[in-house]
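*Asks:* Before I ask anything, let me first share the structure, which is written out below as structure tokens.
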Amino acid sequence: MIPNLNNVRLRDKMLLLYFLCVFVPILLTNFIFYNVTTTSVKNQRMQDISRALEQVKNEFLQEVEDTLQVSSVFYTDHLLNEIIETEYEHPAEYVEAYDSYLRRIINTSSPAYNSVEAITVYVDNPTLLYSGGIVYIDQNVKEQDWYKKISTAKQSAPIFMRTGRDGQLDTFSVIRRMDYYYFSRQENGHFLKIDLRMPVIRQIFNNLNLQGRIYLLNERGEVEYSNDANLDLHAGAIPFDQIVAPERTIEFHKDYGQSNNLNGWSIVGRISEDEVFQEVRQNRNFIVLLTCLNILLPTLIIVWITRSLNVRLIRILKHMKKVKNQHFETIQDEGSRDEIGQLTGEFNRMTLQIQSLINNVYVADIQKKNLELERRHAQLNALQSQINPHFLFNALETIRMRSLMKDEEETARIIHNMAKIFRNSLVWRKDMVTLKEELEFIYCFLEIQKYRFGEKIEYTVVANEADSSILIPKMSIVTFVENASIHGIEPLKQGGKIEVEIKQSGDELICAIRDNGVGMSDQQVEKLYRYLEGEEEMGERIGIQNVIYRLRMFYKDQLTLNIRSRLGEGTEILFIIPVEKRLM
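Each step along the sequence shown adds one to the number in the UniProt record's numbering, with nothing skipped, and position 454 is 454.
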């Protein structure tokens with residue numbers, strides 16, 4: 001049953017498609033190719049090593065056969081046999097015979113003796129002179145191994161063996177009895193000994209195509225010669241089975257078969273597996289590199305194409321969720337012509353149509369919103385009216401008490417200021433006033449407070465006359481001045497000072513109200529900030545609550561309010577509002 005992929009994400013489908021159709025086939029194909037290739041390379045290398053070992057075998061055999069042919073020429077040479085059999089009455093007769101023939105045929109520098117190092121004829125004829133390849137068979141010769149072996153042989157066939165001097169067996173030689181024409185009248189007879197060229201033998205066994213150890217074994221399985229530098233063969237042959245093979249080696253055997261003189265002999269090669277598999281590893285590295293390239297290039301192309309599909313589909317999905325949340329944003333597309341580009345275009349058209357329909361529906365609700373604005377305006381005027389009773393109560397009580405005590409013109413001026421404040425605060429439809437008008441409110445209030453407390457309160461007001469026409473919410477600054485006077489200075493026994501500083505900086509109006517009164521605790525300051533966020537009622541401080549609320553209604557996020565206060569040191573309230581705010 002075919003599995004249902006409808007619930008699988010598009011990205012996962014692409015990954016599944018990549019692994020099943022690209023990654024796994026490439027990996028499987030290269031794995032099979034690697035096995036086939038490495039097997040072929042391994043077999044080829046094994047065949048090369050086998051052929052190289054066969055070459056060593058044949059070249060050594062050729063050297064031996066060439067030497068045997070030379071021995072056969074000497075063995076059948078009638079004149080040579082006649083010379084060594086003749087008994088000379090005078091040495092001069094032998095010297096003449098030697099110079100006339102023996103000197104020429106025994107000279108190994110002849111091109112015919114490529115495989116021959118030395119030719120020696122051992123004779124038992126005492127009338128011959130012992131020099132120039134002619135040696136008398138004395139007791140030293142009789143004690144040598146080759147002589148014992150050839151002298152006891154019943155047949156006259158040549159013998160191939162390793163020879164040497166002083167116990168150092170470092171030469172291969174062909175030895176045979178010289179009995180082709182004559183049977184020696186002497187007890188020992190005559191013998192021919194031909195030594196092979198050992199540099200040639202060493203060159204054969206140091207074959208450049210064989211990076212390993214090669215052993216020449218005799219018919220008894222003993223090592224007669226080897227390129228293994230760790231073996232000392234000068235004292236005699238070493239059983240091959242006693243030589244410990246290094247780890248990770250492969251043995252190759254080549255037998256000489258039914259050869260006349262090397263019957264039972266063989267060539268054994270021990271080659272390291274690293275040598276055999278060196279080309280296999282090189283081939284493996286090449287295949288691994290090829291596999292990486294075959295995987296990397298399709299992967300990059302598929303990732304590129306998949307990203308072109310997946311990213312744009314996810315972008316469409318995100319914008320659809322925004323439409324669900326009534327955020328009608330169109331998709332910025334470069335004008336793609338594929339199916340996803342067409343889908344993007346249709347989505348944009350649908351979004352614009354929905355937005356248009358919703359806007360048309362909202363037009364019918366505009367009147368309702370206008371009524372809501374009127375209600376807000378009435379609420380704002382009501383908040384302003386809450387300031388007046390509290391403020392006027394304190395002022396009128398002060399004037400009443402002072403009027404009972406004395407009769408003076410100062411009282412009339414205070415009443416005039418009080419009337420001005422009272423008259424302006426009752427104007428409901430005038431939410432915004434000029435800075436000049438607000439400053440008049442501040443002067444009126446501070447004069448009343450000065451009249452009330454006398455020398456206990458001092459004040460300074462700093463403002464630029466050029467800023468007089470700037471519009472600000474009515475009674476926004478004077479409320480903070482009132483708070484500084486009543487809650488900051490009034491509790492002090494020795495009195496205090498209020499500073500008001502108003503200045504324009506760019507498109508902003510900076511208003512600062514400072515006092516050196518009793519100050520506020522950190523909890524009280526935090527309470528003011530919480531009200532700025534609309535989180536808490538301020539209880540009795542209704543004026544501060546109302547003015548902050550009004551400033552928030554007018555300026556929203558453009559309002560900046562900073563409060564710095566410390567108990568016993570005073571309070572500074574700094575608020576910044578935009579200058580170009582229009583009248584609501």
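All residues carry an ideal CB built from backbone N, CA and C; glycine is no exception.
Looking only at its chain, what residues have a beta carbon closer than 7 Å to the beta carbon of residue 184, apart from the 5 residues adjacent to it on each side?
*Replies:* Here residue 184 refers to the residue found at position 184 when the sequence shown is read from its first residue. Unreliable placement is indicated for residue 184, whose pLDDT of 46 sits below 50; no coordinate value is reported for it.
*Asks:* Have a look at residue 153 and residue 217 and give me their C-alpha separation to the nearest angstrom.
*Replies:* On the sequence shown, residue 153 is found 153 positions in, with the first residue counted as 1. On the sequence shown, residue 217 is found 217 positions in, with the first residue counted as 1. The alpha-carbon atoms of residue 153 and residue 217 are separated by roughly 22 Å.
*Asks:* According to DSSP, is residue 161 part of a helix, a strand, or is it coil?
*Replies:* Here residue 161 refers to the residue found at position 161 when the sequence shown is read from its first residue. Three-state result, residue 161: strand.
*Asks:* I need the boundaries of the beta strand (DSSP E) containing residue 176, first residue and last residue.
*Replies:* For the purposes of this step, residue 176 is taken as the residue at position 176 of the sequence shown. Note, residue 176: beta strand (DSSP E), 168 to 177.
*Asks:* Closest by CA to residue 281, which one among 168, 42, 236, 203?
*Replies:* Locating residue 281 in the sequence shown gives position 281, counting from the first residue. Ranked by Cα distance from residue 281, the options 168, 42, 236, 203 are led by 42.
*Asks:* Taking Cβ to Cβ, would you say residue 498 is nearer than 8 Å to residue 486?
*Replies:* Taking the first residue of the sequence shown as position 1, residue 498 is located at position 498. Taking the first residue of the sequence shown as position 1, residue 486 is located at position 486. In this structure, residue 486 does not lie closer than 8 Å to residue 498 by Cβ.
*Asks:* Considering only C-alpha positions, which residue in the set 164, 239, 369, 315 is nearest to residue 345?
*Replies:* As a position in the sequence shown, residue 345 is number 345, starting the count at 1. The shortest C-alpha separation from residue 345 is found at 315.
*Asks:* Using only the alpha-carbon positions, how far apart do residue 169 and residue 234 sit?
*Replies:* Along the sequence shown, read from residue 1 onward, the residue named residue 169 stands at position 169. Along the sequence shown, read from residue 1 onward, the residue named residue 234 stands at position 234. Each residue's Cα considered, the two are about 5 Å apart.
*Asks:* What residue range does the alpha helix (DSSP H) around residue 137 cover?
*Replies:* Your numbering for residue 137 matches position 137 in the sequence shown. Looking at the DSSP string, residue 137 is not in any alpha helix (DSSP H), and its letter there is neither H nor E.
*Asks:* Can the beta-carbon of residue 198 be found closer than 8 Å to that of residue 117?
*Replies:* Residue 198 sits at position 198 when you count from the first residue of the sequence shown. Residue 117 sits at position 117 when you count from the first residue of the sequence shown. Yes; because the gap between Cβ atoms is below 8 Å, this pair is in contact.
*Asks:* Pairing CB atoms from the region 469 to 481 with CB atoms from the region 435 to 444, are three or more of them under 8 Å?
*Replies:* yes
*Asks:* Suppose you measure from the CA of residue 253 to the CA of residue 36; what does that come to, to the nearest Å?
*Replies:* The sequence position of residue 253 within the sequence shown is 253, counting from 1. The sequence position of residue 36 within the sequence shown is 36, counting from 1. Going by the C-alpha atoms only, they are around 26 Å apart.
*Asks:* If we count the other Cβ atoms within 10 Å of its Cβ and call it buried at 16 or more, is residue 226 buried or exposed?
*Replies:* What you label residue 226 is simply residue 226 of the sequence shown in a count that begins at 1. When all chains shown are included, residue 226 counts as buried.
*Asks:* Buried or exposed: residue 449, going by 16 or more other Cβ atoms within 10 Å of its Cβ?
*Replies:* Looking up residue 449 in the sequence shown gives position 449. If you draw a 10 Å sphere on the C-beta of residue 449, you find 16 or more other C-beta atoms in it, and that means buried.
*Asks:* Quick one, are the C-beta atoms of residue 120 and residue 94 less than 8 Å apart?
*Replies:* Within the sequence shown, the letter at position 120 stands for residue 120. Within the sequence shown, the letter at position 94 stands for residue 94. No, they are not a contact pair.
*Asks:* Quick check: residue 240 and residue 223, are their CB atoms within less than 8 Å of each other?
*Replies:* If you number the sequence shown from 1, residue 240 lands on position 240. If you number the sequence shown from 1, residue 223 lands on position 223. Yes, the Cβ-Cβ distance between residue 240 and residue 223 is below 8 Å.
*Asks:* Are three or more beta carbon pairs between the region 561 to 576 and the region 513 to 522 nearer than 8 Å?
*Replies:* yes
*Asks:* Output the distance between the C-alpha atoms of residue 535 and residue 521, rounded to the nearest integer angstrom.
*Replies:* Locating residue 535 in the sequence shown gives position 535, counting from the first residue. Locating residue 521 in the sequence shown gives position 521, counting from the first residue. At residue 535, the pLDDT of 49 sits below 50, so the modelled position is not reliable and the matter cannot be decided from this model.
*Asks:* Distance, Cα to Cα, residue 9 vs residue 296?
*Replies:* Mapped onto the sequence shown, residue 9 falls at position 9. Mapped onto the sequence shown, residue 296 falls at position 296. C-alpha separation (whole angstroms): 24 Å.
*Asks:* Go ahead and pull the three-state DSSP assignment for residue 504.
*Replies:* To locate residue 504, count along the sequence shown from 1; it is residue 504. Three-state result, residue 504: strand.
*Asks:* Would you identify the three-state DSSP class for residue 490, choosing helix, strand or coil?
*Replies:* For the purposes of this step, residue 490 is taken as residue 490 along the sequence shown, with counting starting at 1. Coil at residue 490, not helix or strand.
*Asks:* When you compare each of 102, 244, 63 to residue 174 by their alpha carbons, which one comes out closest?
*Replies:* Here residue 174 is taken as the residue at index 174 of the sequence shown, counted from 1. Looking at the Cα atoms, 63 is the closest of the given residues.
*Asks:* Can you name the residues that DSSP bridges to residue 223?
*Replies:* Indexing the sequence shown from 1 puts residue 223 at position 223. Looking at the DSSP assignment, residue 223 forms a beta bridge with 217, 238.
*Asks:* Roughly how many angstroms separate the alpha carbons of residue 133 and residue 106, rounded to a whole number?
*Replies:* By one-based count along the sequence shown, residue 133 stands at place 133. By one-based count along the sequence shown, residue 106 stands at place 106. For residue 133 and residue 106, the distance between alpha carbons rounds to 7 Å.
*Asks:* Exposed or buried, which one is residue 71 when buried takes at least 16 other CB atoms within 10 Å?
*Replies:* To locate residue 71, count along the sequence shown from 1; it is residue 71. Buried, by the Cβ-count rule.
*Asks:* DSSP state of residue 497, grouped into three classes?
*Replies:* Mapped onto the sequence shown, residue 497 falls at position 497. Residue state for residue 497 is assigned as strand, using DSSP reduced to three classes.
*Asks:* Determine, using beta carbons only, whether residue 549 and residue 578 come nearer to each other than 8 Å.
*Replies:* The residue you call residue 549 lines up with position 549 of the sequence shown. The residue you call residue 578 lines up with position 578 of the sequence shown. Their beta carbons are not under 8 Å apart, which means residue 549 does not touch residue 578 by this criterion.
*Asks:* Quick one: Cα of residue 386 to Cα of residue 418, how far?
*Replies:* For this step, residue 386 is matched to residue 386 along the sequence shown. For this step, residue 418 is matched to residue 418 along the sequence shown. In this prediction, residue 386 scores a pLDDT of 49, lower than 50, which makes its location untrustworthy; the coordinate-derived value is nonetheless stated afterwards. When the Cα atoms are used, residue 386 and residue 418 turn out to be separated by approximately 17 Å.
*Asks:* Closer than 6 Å by C-beta to residue 581: which residues in its own chain qualify, once you throw out the five before and the five after it? Chain order, please.
*Replies:* Locating residue 581 in the sequence shown gives position 581, where the first residue counts as 1. A caution first: residue 581 carries a pLDDT of 49, below 50, which makes its placement in the model too unreliable to give a value.
*Asks:* Would you decide whether residue 597 is buried or exposed? Buried here means 16 or more other CB atoms lie within 10 Å of its CB.
*Replies:* Because residue 597 is not part of the residues shown, which for the chain are 1 to 584, the question remains open.
*Asks:* Name the residue from 144, 221, 291, 328 whose alpha carbon lies nearest to the alpha carbon of residue 237.
*Replies:* Mapped onto the sequence shown, residue 237 falls at position 237. Among 144, 221, 291, 328, the Cα nearest to that of residue 237 is on 221.
*Asks:* Looking at C-beta atoms only, is the number of pairs between the region 263 to 275 and the region 50 to 61 that lie closer than 8 Å three or more?
*Replies:* yes
*Asks:* Express the C-alpha separation of residue 457 and residue 547 in angstroms, rounding to a whole number.
*Replies:* Mapped onto the sequence shown, residue 547 falls at position 547. Mapped onto the sequence shown, residue 457 falls at position 457. Going by the C-alpha atoms only, they are around 24 Å apart.
*Asks:* Looking only at DSSP bridge pairs, what is residue 251 linked to?
*Replies:* By 1-based counting over the sequence shown, the position of residue 251 is 251. Note: residue 251 sits in a beta bridge opposite 270.
*Asks:* Does the region 286 to 305 touch the region 14 to 29, meaning 3 or more C-beta pairs lie closer than 8 Å?
*Replies:* yes
*Asks:* Applying the criterion that 16 or more other CB atoms from any shown protein chain within 10 Å of the CB defines a buried residue, is residue 491 buried or exposed?
*Replies:* On the sequence shown, position 491 is the one that residue 491 refers to. Using a 10 angstroms sphere on the CB of residue 491, the tally of other CB atoms stays under 16, which defines it as exposed.
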